[in-house]
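Read the structure below first, then the notes.
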Amino acid sequence: MRGEDIFQEALFTTVHLETFVPVDHPLRPIKRLLDEAMRHLDWLFSSIYADAGRESIPPERLIRAQLLQVLYSIRSERQLVEQINYNLLYRWFIGLTIDDVVWNHSSFSTNRDRLLENDVVTELFEEVVHLARKQQLLCEEHFSVDGTLIQAWASQKSYRRKDDDRGPLQGGGRNSEVDFNGEKWRNETHESKTDGDARNGGRGQILI
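Just so we're aligned, residue 31 is where the sequence shown starts under this note's numbering, counting upward by one.
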């Protein structure tokens with residue numbers, strides 16, 4: 031007997047997102063490791079938010095969401111939010127229920143600055159590496175890459191003369207304009223005050 035193609039939602043339903051994620055899905059071990067690392071940094075998350083006022087979006091959820099953006103090469107935060115809305119796997123990984131409303135994409139910008147300014151990302155990275163090493167998840171294999179293709183933890187405004195101890199400019203957003211007053215700046219005379227290993231370079235060359 032042919033079934034009828036009729037869509038009718040149940041009035042009440044119980045859905046556990048966990049059941050939709052295969053037990054061998056690669057996101058499962060990533061989520062376990064990431065969640066453990068963030069539990070160890072709970073004190074740091076608490077320290078960067080006020081004790082009173084309206085509750086913020088949990089920083090742990092924002093971090094999980096941005097990790098998904100990297101892992102799945104999602105081109106923009108607007109597109110990321112759109113996909114979180116309908117992707118059950120993403121909701122499970124982030125910690126959202128099927129009924130939770132996803133925040134506006136603009137929330138990423140404000141909260142990203144807060145996390146960067148308080149070294150949360152750096153602390154989290156170091157904690158993940160520590161746990162991975164402790165659980166023997168690291169290997170000694172290595173490969174070489176063109177360093178000029180890797181985005182450094184340094185913006186143009188963080189560059190100063192090596193004998194200048196004022197540090198990077200403050201305010202004006204993450205990529206404020208910098209006026210070097212016509213001065214030529216090279217790696218032998220200038221350095222980033224936020225990432226000492228960063229080097230200034232152009233396509234196919236390093237400015238020495």
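Every residue gets a Cβ at the ideal spot worked out from N, C-alpha and C, and that includes glycine.
Bear in mind that the values here come from a model prediction, so they are computed numbers and not experimental data.
Near residue i, which residues of its chain fall below 6 angstroms by C-beta distance, leaving aside the five closest residues on each side in sequence?
i, result
"H70", "E157"
"E90", "M68"
Any beta carbon from chain D within less than 7 angstroms of residue i's own beta carbon?
i, result
"R58", "In summary, chain D is missing from the structure at hand, where a single protein chain is found."
Between residue i and the rest of its own chain, which residues show a CB-CB distance below 8 angstroms, the 5 nearest in sequence each way excluded?
i, result
"V132", "V111, I114, N115 and L126"
"G203", "Model confidence at G203 stands at a pLDDT of 49, short of 50, so the residue's coordinates are unreliable and nothing is read from them."
"E48", "W122"
"F50", "L118, L119 and W122"
"I124", "R91, R94, A95, L98 and I114"
Determine the extent of the alpha helix (DSSP H) in which residue i is found, giving its start and end residues.
i, result
"S76", "D72 to S77"
"S137", "S137 to E147"
"H160", "V150 to K164"
"M107", "In the sequence on display, residue 107 carries Glu and not Met. Start and end: E107 to Y116."
"E90", "P89 to L101"
Excluding the 5 residues preceding and the 5 following residue i in the sequence, name in chain order all residues of the same chain whose CB lies nearer than 7 angstroms to its CB.
i, result
"N117", "none"
"R108", "H135"
"L63", "V158, L161 and A162"
"R191", "T219 and H220"
Alpha carbon to alpha carbon, how far is residue i from residue j?
i, j, result
"H220", "D195", "11 angstroms"
"L101", "L92", "14 angstroms"
"N148", "I78", "7 angstroms"
"K164", "A67", "12 angstroms"
"I60", "A80", "30 angstroms"
"P88", "L57", "20 angstroms"
"L145", "T152", "9 angstroms"
"N21", "R32", "Given that the chain is displayed from residue 31 to residue 238, the structure contains no residue 21 and the question cannot be resolved."
"E170", "D35", "55 angstroms"
"S76", "D143", "16 angstroms"
"I104", "A82", "34 angstroms"
"D129", "F42", "13 angstroms"
"L168", "A40", "47 angstroms"
Let me know the secondary structure DSSP gives residue i once reduced to three states.
i, result
"R32", "coil"
"N205", "Model confidence at N205 stands at a pLDDT of 47, short of 50, so the residue's coordinates are unreliable and nothing is read from them."
"R190", "strand"
"V59", "This sequence places Pro at residue 59; Val is not what is there. Looking at P59 - three-state DSSP - the assignment turns out to be helix."
"W122", "helix"
"F42", "coil"
"D81", "coil"
"L64", "helix"
"L167", "coil"
"F50", "helix"
Is it right to say residue i is buried, meaning 16 or more other beta carbons lie within 10 angstroms of its own, or is it exposed?
i, result
"R121", "buried"
"L154", "buried"
"A95", "buried"
"Q38", "exposed"
"F138", "buried"
For the ligand MN, is there a heavy atom less than 6 angstroms away from the beta-carbon of residue i?
i, result
"Q96", "This structure simply doesn't include the ligand MN, nor any ligand for that matter."
Can you give me the start and stop residues for the beta strand (DSSP E) that residue i sits inside?
i, result
"E218", "Premise fails: E218 is in no beta strand (DSSP E) and is neither H nor E."
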